[in-house]
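Trainee: Following this message is one structure expressed as structure tokens.
Numbering (the working numbering), first residue to last: 12 to 428.
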């Protein structure tokens with residue numbers, strides 16, 4: 012009995028090992044291993060062999076696990092038979108009881124627990140067990156190679172499916188890069204903090220839509236094409252912008268824009284200096300628009316909604332700021348208000364983005380695809396435009412409305428309870 016229990020314990024350990032290594036291999040960050048291999052680490056060079064032969068490695072681990080499970084099942088049945096002597100007269104019930112007990116034990120100790128641990132510490136454990144894994148890889152290689160070859164031909168002949176043979180190329184996905192940045196960030200190296208933020212934003216840039224970085228319709232400063240040049244000069248002086256959109260009749264019919272430099276040509280009317288502008292849907296990806304700007308030598312575009320109305324405008328500067336943050340410009344005057352009064356009290360513009368506030372001030376205001384700004388967060392929960400002086404409580408955040416206009420929230424005081 013003692014020897015059999017020892018065999019069961021060893022079988023459970025090996026099953027846990029093979030199951031854990033399999034999930035760790037699938038969950039690991041291949042890019043980090045590649046970087047470590049470039050530095051000459053022995054374990055990384057061993058693991059590189061596995062990544063070059065991914066299918067073969069998985070098959071080898073499965074062979075080892077299956078052999079272990081067969082041994083475990085046979086010995087466990089022998090141990091349980093005398094312990095369940097009352098069921099000897101009922102073979103089917105005895106078999107069912109043995110199966111349930113053996114399965115419950117192996118699932119808990121040989122599957123669930125090790126897989127959870129190995130998934131959590133995938134790279135570290137693969138490095139730690141690299142040499143034992145390599146020994147088992149060599150030991151079971153002939154069997155796994157034969158099984159893989161047999162499976163390949165069965166699938167090809169029986170199901171008429173063609174499977175690409177040969178070594179798989181190592182592909183480093185965006186997920187691998189994300190994991191690498193997260194691990195570097197968790198190291199809390201303040202010297203590289205800004206660079207890591209740029210890297211993370213660059214990785215996320217492919218998912219950014221134009222609507223995420225555009226200037227909303229309500230904030231567009233534009234001029235009618237029939238207005239005078241003097242009115243245009245006045246608007247340039249008031250806003251300090253370098254470009255002013257031009258519309259005909261209403262803001263939904265923007266026909267172009269005027270560059271402040273064109274005023275040096277002393278035009279007699281706005282029509283003489285209007286530059287054509289392109290139109291793009293708000294759902295378009297920002298990286299695609301950036302490519303268009305560069306190829307077409309453009310710097311501004313109008314964003315339209317699904318009905319063809321003006322949703323906002325976007326410049327090349329707005330897109331680049333998604334990666335590098337705010338870019339100072341000599342024409343920028345409309346600075347958003349961000350004032351920290353204390354650790355629990357802030358004065359904020361309604362247009363400040365929730366993600367920016369959370370990142371800069373370490374807050375935990377809920378983020379959602381339904382809104383981007385502080386004003387959007389308030390309106391999303393309040394469902395109407397609050398009045399000046401009114402307080403809006405959302406979870407443990409108290410927003411006192413300091414200033415609003417007809418259609419938006421301009422300034423709020425945030426107090427955290």
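Cβ coordinates follow ideal geometry from the N, Cα and C atoms, glycine included.
If you're wondering where the values come from, they're calculated on a predicted model, not measured in any experiment.
In three-state terms, what does DSSP make of residue 253?
Mentor: Three-state result, residue 253: coil.
Trainee: From residue 262 to residue 255, what distance separates their C-alpha atoms?
Mentor: So the two alpha carbons sit approximately 12 angstroms from each other.
Trainee: Under the assumption that residue 133 contacts residue 35 (Cβ atoms under 8 angstroms), give the Cβ distance between them as a whole number of angstroms.
Mentor: 4 angstroms between Cβ atoms; contact.
Trainee: Roughly how far, in whole angstroms, is the beta-carbon of residue 285 from the beta-carbon of residue 265, given that I think they are within contact range, below 8 angstroms?
Mentor: That pair is no contact at about 10 angstroms.
Trainee: Kindly indicate the opening and closing residues of the alpha helix (DSSP H) around residue 13.
Mentor: First-last of the alpha helix (DSSP H) with residue 13: 13-38.
Trainee: Buried or exposed for residue 125, please, with buried defined as at least 16 other CB atoms from any protein chain shown within 10 angstroms of its CB.
Mentor: Under this definition residue 125 is a buried residue.
Trainee: Give me the residue from 22, 168, 14, 418 with the minimum Cα distance to residue 230.
Mentor: Nearest option by C-alpha distance: 418.
Trainee: On a CA-only basis, which of 374, 55, 70 is nearest residue 161? Give me that one, please.
Mentor: Checking every option, the nearest Cα to that of residue 161 belongs to 70.
Trainee: Three or more C-beta pairs closer than 8 angstroms, one from the segment 15-25 and one from the segment 98-108: is that the case here?
Mentor: As far as the Cβ criterion goes, the segment 15-25 does not touch the segment 98-108, which means the pair count is below three.
Trainee: How about residue 351 and residue 427: are their beta carbons less than 8 angstroms apart?
Mentor: Against a cut-off of 8 angstroms, the Cβ pair of residue 427 and residue 351 comes out as no contact.
Trainee: Hey, quick one: how far does the beta strand (DSSP E) through residue 268 stretch, first residue to last?
Mentor: Here the beta strand (DSSP E) through residue 268 covers 265-270.
Trainee: I'd like the ranges of any alpha helix (DSSP H) spanning at least 4 consecutive residues and lying wholly in the segment 366-395.
Mentor: 385-393, all fully within the segment 366-395.
Trainee: Suppose the cutoff is 8 angstroms on Cβ atoms and the five residues either side in sequence are ignored; what does the same chain contact list for residue 402 look like?
Mentor: If we look at residue 402 and ignore the five residues flanking it on each side, its Cβ neighbours are 409, 410, 411, 412.
Trainee: Would you mind stating whether residue 293 and residue 316 have Cβ atoms separated by less than 8 angstroms?
Mentor: In this structure, residue 316 lies closer than 8 angstroms to residue 293 by Cβ.
Trainee: Spatial neighbours of residue 341 within its chain, please: C-beta separation below 6 angstroms, excluding the five flanking residues on both sides.
Mentor: Its pLDDT being 43, under 50, residue 341 is placed unreliably by the model, and nothing is read from it.
Trainee: Alpha carbon to alpha carbon, how far is residue 170 from residue 163?
Mentor: Looking at the two C-alpha atoms, the distance is approximately 11 angstroms.
Trainee: Going by DSSP, which residues form a beta bridge with residue 353?
Mentor: The partner list for residue 353 (beta bridge, DSSP) reads 356.
Trainee: What does the alpha-carbon distance come out to for the pair residue 295 and residue 313?
Mentor: Taking the straight line from one Cα to the other gives about 12 angstroms.
Trainee: If you reduce the DSSP assignment to three classes, tell me which class residue 86 lands in.
Mentor: Three-state result, residue 86: helix.
Trainee: Please report the distance separating the alpha-carbon of residue 91 from that of residue 14.
Mentor: The straight-line gap from Cα to Cα measures roughly 14 angstroms.
Trainee: Drop a sphere of 10 angstroms on the beta-carbon of residue 259, count the other beta-carbons inside from all chains shown, and report buried for 16 or more, exposed for fewer.
Mentor: Burial call: exposed.
Trainee: Between the segment 92-102 and the segment 55-72, are three or more C-beta pairs nearer than 8 angstroms?
Mentor: In short, these stretches do not touch, since the Cβ pair count stays below three.
Trainee: Give the DSSP-derived three-state secondary structure of residue 302 in the structure shown.
Mentor: Residue 302: helix per DSSP, three-state reduction.
Trainee: Identify, in the order they occur along the chain, each residue of the same chain with its Cβ nearer than 6 angstroms to the Cβ of residue 323, setting aside the five sequence neighbours on each side.
Mentor: Cβ neighbours of residue 323 beyond the five flanking positions: 225, 226, 227, 228, 314.
Trainee: Which residue from 398, 63, 55, 425 puts its Cα closest to that of residue 407?
Mentor: For the residues 398, 63, 55, 425, the minimum Cα distance to residue 407 belongs to 425.
Trainee: Cα separation between residue 221 and residue 268?
Mentor: Rounded to the nearest angstrom, the two C-alpha atoms are 19 angstroms apart.
Trainee: Taking the Cβ atom as the reference point for each residue, do residue 75 and residue 29 lie within a distance shorter than 8 angstroms?
Mentor: Yes. Within cutoff.
Trainee: Helix, strand or coil, according to DSSP, for residue 410 in the structure here?
Mentor: The answer is strand: DSSP assigns residue 410 an E or B state.
Trainee: Indicate the three-state DSSP secondary structure (helix, strand or coil) for residue 236 in the structure shown.
Mentor: Three-state result, residue 236: coil.
Trainee: So, using beta-carbon positions, are residue 326 and residue 361 closer together than 8 angstroms?
Mentor: Not a contact, by the Cβ cut-off of 8 angstroms.
Trainee: Just verifying my parser: in three-state terms, what is the DSSP assignment at residue 344?
Mentor: Any reading at residue 344 must be qualified, since the residue scores a pLDDT of 43, below 50, and its modelled position is unreliable; the value itself is stated next. Here residue 344 sits in coil by DSSP.
Trainee: Taking the alpha-carbon positions, what's the residue 278 to residue 329 distance?
Mentor: Looking at the two C-alpha atoms, the distance is approximately 29 angstroms.
Trainee: Measuring straight from C-alpha to C-alpha, what distance separates residue 232 and residue 373?
Mentor: Roughly 33 angstroms separates the two Cα atoms.
Trainee: Taking 8 angstroms as the threshold (C-beta atoms), are residue 363 and residue 349 in contact?
Mentor: A contact, by the Cβ cut-off of 8 angstroms.
Trainee: Considering only residues of the same chain and omitting the five flanking positions on each side of residue 61, which have a CB-CB separation below 6 angstroms?
Mentor: These residues qualify, in order along the chain: 68.
Trainee: Are the CB atoms of residue 157 and residue 31 within a distance shorter than 8 angstroms?
Mentor: Cβ atoms of residue 31 and residue 157: not closer than 8 angstroms.
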